[in-house]
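Engineer:
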Amino acid sequence: MKMQIWIQIKGENIRVEKKKIKNLYLRISPADGEIRISAPERMAIKHIENFVLEKWDWILVTREKLDRVRREKDASQLTEDEMKAQKEAYKKKLLEVLPQVIQKCERITGLHALEWKLRDMKTRWGSCNIQKKRIWLNIQLAAYPRECLEYVVIHELVHLLVPGHGKEFWAYMDRFFPEWRRVRKELNGR
Numbered sequence: 001m002k003m004q005i006w007i008q009i010k011g012e013n014i015r016v017e018k019k020k021i022k023n024l025y026l027r028i029s030p031a032d033g034e035i036r037i038s039a040p041e042r043m044a045i046k047h048i049e050n051f052v053l054e055k056w057d058w059i060l061v062t063r064e065k066l067d068r069v070r071r072e073k074d075a076s077q078l079t080e081d082e083m084k085a086q087k088e089a090y091k092k093k094l095l096e097v098l099p100q101v102i103q104k105c106e107r108i109t110g111l112h113a114l115e116w117k118l119r120d121m122k123t124r125w126g127s128c129n130i131q132k133k134r135i136w137l138n139i140q141l142a143a144y145p146r147e148c149l150e151y152v153v154i155h156e157l158v159h160l161l162v163p164g165h166g167k168e169f170w171a172y173m174d175r176f177f178p179e180w181r182r183v184r185k186e187l188n189g190r
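Counting from 1, one number per residue, gives the positions in the sequence shown under the working numbering.
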């Protein structure tokens, strides 16, 4: 016989279904991000709560991925006019925050680009013309947390020092933006 209860952890309501099983199972609903637990009938609530707390980082990352997939799906269903409006909104958002982000990143790296441009890119988050010291940023960055924008800005600034992606390049990234691996995974959905 199944029994459904609700627990609350970190302000989140979590559905717990107790049933005739041997192990705990954790799922995140793709539709709404709801946290769902299947647990053995006789398992103590405290044990279930500890299990959820141990998995909390995974829960947050999984929810962000599901949100991103939903946003991308929603974006793919937009009309041409809606897509144009969304791109304009992204540009506007970036133009508001970009001056502070550039200033912060240039201060961290000691590097300076002569020109910054925005455009909708399909396969890149940014690009750098080393000779002209011009950096292009993808307007889609507006849909991500600010640290993703900071990562891309620092990444492109480092190309002013090192053209490729060899050991020297990544050593600079470690120095200027130690969290780059985590942020890159978030940005690329891996």
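Virtual Cβ for every residue (Gly too), placed ideally from N, Cα, C.
Considering only the alpha carbon of each residue, which of K92, T62 and V152 lies closest to I102?
Structural biologist: V152
Engineer: Out of I35, A39, W170 and L149, which has the shortest C-alpha to C-alpha gap to Y90?
Structural biologist: L149
Engineer: Could you name the residues that DSSP lists as bridge partners for I135?
Structural biologist: W116 and C128
Engineer: Comparing C-alpha positions only, which one of L111, K10 and I139 sits nearest to N50?
Structural biologist: K10
Engineer: Under the assumption that S143 contacts L94 (Cβ atoms under 8 Å), give the Cβ distance between them as a whole number of angstroms.
Structural biologist: A small fix is needed here, since residue 143 is Ala in this sequence, not Ser. With 8 Å as the limit, A143 and L94 do not qualify as a contact, their Cβ atoms being about 10 Å apart.
Engineer: Who pairs with S38 in a beta bridge, going by DSSP?
Structural biologist: Beta-bridge annotation (DSSP): S38 is paired with E17 and Y25.
Engineer: Tell me which same chain residues have a C-beta within less than 6 Å of the C-beta of E147, skipping the five on either side of it?
Structural biologist: V183
Engineer: What's the C-alpha gap between I154 and V61?
Structural biologist: Approximately 23 Å between the Cα atoms of the pair.
Engineer: Pull up the distance between the alpha-carbon of S127 and that of K73, whole angstroms please.
Structural biologist: 26 Å
Engineer: Going by DSSP, what residue range makes up the beta strand (DSSP E) through Q103?
Structural biologist: Unbroken run through Q103 is the alpha helix (DSSP H), E80 to T109; no beta strand (DSSP E).
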